[in-house]
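Participant: Protein chains in written order, with our numbering: chain L, 2 to 385; chain R, 18 to 395.
Even for Gly, the Cβ is constructed at its ideal location relative to N, Cα and C.
Keep in mind that this is a model prediction, so the values were computed, not measured.
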């Protein structure tokens, strides 16, 4: 099913997306998937920097595939915010909008005259979302708000990988995506309040807060454990705070993920009484010893052998799939998570769909990202 | 100004992390959350100790996830208690559940049933892998969902096996997705008076997390990203993107043109023979070694200052004691002390410049039963 078939929750809402790269545009993308009209406001020279950020040499109509991934289904208006005429036109557009999003560094929008106070005077009902790297105060506020750098500063690199490794960052933009999610939540909550109060609001999120929130489960352990840095397991670490057998194990032909399981049960199924001898409390105190005993057993047989033995016994385990393995599974296909998007010139590409289903329907639109300034004339000429 | 979700009632049947994280976000935004728990021990997370710390007999993480909520214990297999749950749903704006597919149907608490009790209900559902497909019955556990999603081949280095993300990332992201869907549905309700069925799963959340890469992969003839031999941080990005050892500590370098980096490192010829964008991608491992050799001469803190001043995107890699000691984290003011000694983190979202307060720890099992029964006439 596509959006034509269901009444999308945000139909009729207008969002102005002044943001570039990832966190801001992805928040706007989610609002777009939920039914809002999203208009990107881009500088006339090249637009969103992401248009030129080609990774892996992949493009669509001259723009990077990544740009299409983040901006599919949106419209584009090219405006030079330093030019008074363009700025006046953007102000008129702001008067018609329900939401605006930006991720300029703290102070930039205020200097342009589009800070929350200015915009709220222009349109008191607007919900204003601002993304920063490190919040609007503090000594890091002017540092680049880039995902890997915030991961490095927030301790995340010491949770993945094994004890003897250096810091291991998550190999994708975890904080950008999480920050986008936080922004969407705040904006939607303010829209709801507006339905009652008729007043907009200011929503601020930042990558550093998202890093802390994303690790809040473990960070809370740390805070209440005399602030002792957690130590990663010696091998197969998957969460420094989990006791044995939690983690990853090598088999003859691959790897097996093994989640929380009582040691007595592990010992029984693997025919290894020496594991049970540690007692359940040993799962913390003799963590690495126990994991290495289990590892010696797992590495002797195939992944499928262990799955056949463990799954019927109700043990929480899974094979570690790579992408070719993953996309070939029935589990992947059953979710139907891929959609084909089409650029304005008719080029097609595949991308993932919104992870939220509404009334049982996937939200797929099939639209690519707009060419720079494609909707400038139409939207700037629009009567206010 | 009032909190955005003031007056909204969430009845939360979920346990562990994914569903309760969604209701935690809604609680921070002003909603009242009532946890409906089984009378035999309640939410399994209460007894899920990941470290030896606990508060009032419940695990630390249970309090982190369920602070500020209320609890009522109901045995959903007993007719009397099930009737109470139904009366509670009749007063609720939102229902959340994360049982395995089929369970709420058997209990008579599925969306269709809830809709009969309360036609405009917003019903949020999280599963492990969707409701169909051959994994639908598999345990919806974070590590296992990570294992199945391909995400374990993005972190760590080329010589490593699968490297899981050491955070329950699938649970937290699925919870955040559910909160977003529910908030969209609340907005829709305010305009139309209609309810909505919102569904997501750990697997959809993991696909969405990887969407930047997975889109690249789907369109490049299925060429998987390659991790670096060492210091890997992103399978599709060119040098110098990665994490480097220095004389003391580690330094992360993000997207930076190599000539600019050479200048900042005061070694203008260091990249001779590697000119052009293609070289910076295809010779990532060789370039890594060259850059690291140079960085080994000084501590990370020195490089962070020197390179940062030259406009290079870099950061020293910190651990948690250092993170908490930083002015930046202190100025975010996310830490809060509740119930005397217990420390938690507050919401990552600020509204009109203010971060919602954290007032209390999680409820004891069934703590508000009497009040709730009286208030809702259960």
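According to the neighbour-count rule (16 or more other Cβ atoms, all chains shown, within 10 Å of its Cβ), is residue 295 of chain R buried or exposed?
Facilitator: Label assigned to residue 295 of chain R: exposed.
Participant: Buried or exposed for residue 205 of chain L, please, with buried defined as at least 16 other CB atoms from any protein chain shown within 10 angstroms of its CB.
Facilitator: The residue in question, residue 205 of chain L, is buried, as its Cβ has 16 or more Cβ neighbours within 10 Å.
Participant: From what residue to what residue does the alpha helix (DSSP H) around residue 201 of chain R run?
Facilitator: Residue 201 of chain R -> alpha helix (DSSP H) spans 186-209.
Participant: Which two residues bound the contiguous beta strand (DSSP E) that contains residue 101 of chain L?
Facilitator: From DSSP, the beta strand (DSSP E) with residue 101 of chain L extends over 100-103.
Participant: Just the C-alpha distance for residue 379 of chain L and residue 51 of chain R, rounded to the nearest angstrom, thanks.
Facilitator: Whole-angstrom Cα-Cα distance: 48 Å.
Participant: In chain order, which alpha helix (DSSP H) runs of at least 4 residues are fully inside the segment 163-209 of chain L?
Facilitator: Whole alpha helix (DSSP H) segments, 4+ residues: 175-198.
Participant: Give the residues from the segment 146-166 of chain L that approach chain R closer than 9 Å (Cβ to any Cβ), ordered along the chain.
Facilitator: Residues passing the 9 Å Cβ filter: 147, 148, 149, 150, 151, 152, 153, 154, 155, 156, 157, 158, 159, 160, 161, 162, 163, 166.
Participant: What are the residues in the segment 238-251 of chain R lying within 8 Å of chain L by C-beta distance?
Facilitator: Within the segment 238-251 of chain R, the residues whose Cβ lies closer than 8 Å to some Cβ of chain L are 239, 240, 241, 242, 244, 248, 249, 250, 251, listed in chain order.
Participant: Just verifying my parser: in three-state terms, what is the DSSP assignment at residue 113 of chain R?
Facilitator: Three-state DSSP puts residue 113 of chain R in a strand.
Participant: Rounded to a whole number of angstroms, what is the C-alpha to C-alpha distance between residue 288 of chain L and residue 168 of chain L?
Facilitator: Their backbone Cα atoms lie some 21 Å apart in a straight line.
Participant: At 7 Å on the CB atoms, spell out the chain L contacts of residue 262 of chain R, in chain order.
Facilitator: Those within 7 Å of residue 262 of chain R in chain L are 167.
Participant: Can you list, in chain order, the residues of its chain whose CB lies under 7 Å from that of residue 160 of chain R, leaving out five sequence neighbours each side?
Facilitator: So the list reads 181, once near-sequence residues are dropped.
Participant: Which residues, taken in chain order from the segment 56-83 of chain L, show a beta carbon closer than 9 Å to some beta carbon of chain R?
Facilitator: Result list: 56, 57, 58, 59, 61, 66, 67, 69, 70, 71.
Participant: Taking Cβ-Cβ distances shorter than 7 Å, what residues in chain R pair up with residue 216 of chain L?
Facilitator: Residues of chain R passing the Cβ test: 184.
Participant: Measure from the C-beta of residue 229 of chain R to each C-beta in chain L and report whether the shortest distance is under 8 Å.
Facilitator: True, the Cβ-Cβ gap to chain L drops below 8 Å.
Participant: Within the present structure, is the beta-carbon of residue 261 of chain L separated from the nearest heavy atom of the ligand NAP by less than 7 Å?
Facilitator: In the structure shown, the ligand NAP is absent, as is every other ligand, since no ligand is present at all.
Participant: For residue 384 of chain L, count the other beta carbons within 10 Å of its own beta carbon; 16 or more makes it buried, fewer makes it exposed. Which is it?
Facilitator: With a pLDDT of only 46 at residue 384 of chain L, under 50, the local geometry of the prediction cannot be trusted, and no value is derived from it.
Participant: Under the three-state reduction of DSSP, which class applies to residue 148 of chain R: helix, strand or coil?
Facilitator: Correct three-state label for residue 148 of chain R: coil.
Participant: If we count Cβ pairs, one from each stretch, closer than 8 Å, do we get three or more for the segment 288-308 of chain L versus the segment 131-140 of chain R?
Facilitator: As far as the Cβ criterion goes, the segment 288-308 of chain L does not touch the segment 131-140 of chain R, which means the pair count is below three.
Participant: Could you round the C-beta distance between residue 10 of chain L and residue 202 of chain R to whole angstroms and report it? I think they count as a contact, below 8 Å.
Facilitator: Indeed, because the Cβ distance is near 6 Å, the residues count as touching under 8 Å.
Participant: Would you give the residue range spanned by the alpha helix (DSSP H) that residue 128 of chain R belongs to?
Facilitator: Segment 128-134, the alpha helix (DSSP H) holding residue 128 of chain R.
Participant: Consult DSSP for residue 160 of chain L and reduce its assignment to one of helix, strand or coil.
Facilitator: In this structure, residue 160 of chain L counts as coil in the three-state DSSP scheme.
Participant: So residue 400 of chain R contacts chain L; which residues on that side make the cut at Cβ distance below 9 Å?
Facilitator: Any question about residue 400 of chain R goes unanswered here, given that chain R covers just 18 to 395.
Participant: Is the beta carbon of residue 128 of chain L closer than 8 Å to that of residue 32 of chain L?
Facilitator: No, Cβ-Cβ distance for residue 32 of chain L and residue 128 of chain L is not below 8 Å.
Participant: For the segment 138-155 of chain L against the segment 350-367 of chain L, do three or more pairs of beta-carbon atoms, one drawn from each stretch, fall closer than 8 Å, so that the two count as touching?
Facilitator: Segments in contact, no.
Participant: Contact criterion: CB-CB distance below 8 Å. Does residue 318 of chain L meet it with respect to chain R?
Facilitator: Chain R contact via Cβ: present.
Participant: Identify every residue that forms a DSSP beta bridge with residue 165 of chain R.
Facilitator: Partner(s): none; residue 165 of chain R has no beta bridge.
Participant: Considering only residues of the segment 61-89 of chain L, which uninterrupted alpha helix (DSSP H) runs meet the minimum length of 4 residues and lie entirely inside it, listed in chain order?
Facilitator: Listed in chain order, the complete alpha helix (DSSP H) runs (minimum 4 residues) inside the segment 61-89 of chain L are 66-72.
Participant: Once you ignore the five residues that flank residue 170 of chain L on each side, which residues in its own chain have a CB closer than 8 Å to its CB?
Facilitator: Excluding positions up to five away in sequence, the list reads 149, 152, 153, 157, 158, 161.
Participant: What does residue 31 of chain L touch in chain R if you count any residue whose Cβ is under 7 Å from its own?
Facilitator: By Cβ distance, chain R contributes 197.
Participant: Which same chain residues, not among the five before or five after residue 116 of chain R, have their C-beta less than 6 Å away from its C-beta?
Facilitator: If we look at residue 116 of chain R and ignore the five residues flanking it on each side, it has no Cβ neighbours.
Participant: Using the beta-carbon of each residue, which ones in chain R are nearer than 7 Å to residue 357 of chain L?
Facilitator: Residues of chain R passing the Cβ test: 194, 197, 198, 215, 217.
Participant: Over what stretch of residues does the alpha helix (DSSP H) that includes residue 35 of chain R continue unbroken?
Facilitator: Element bounds for residue 35 of chain R: 35-45.
Participant: Sorted by chain position, which residues of the same chain lie with C-beta nearer than 6 Å to residue 41 of chain L's C-beta, five sequence neighbours on each side aside?
Facilitator: Cβ neighbours of residue 41 of chain L beyond the five flanking positions: 18, 75, 77.
Participant: Using only the alpha-carbon positions, how far apart do residue 197 of chain L and residue 386 of chain R sit?
Facilitator: Answer to the nearest angstrom: the Cα atoms are 31 Å apart.
Participant: Taking the continuous alpha helix (DSSP H) assigned at residue 360 of chain R, which residues delimit it?
Facilitator: Per DSSP, residue 360 of chain R belongs to no alpha helix (DSSP H); it is in the beta strand (DSSP E), 359-362.
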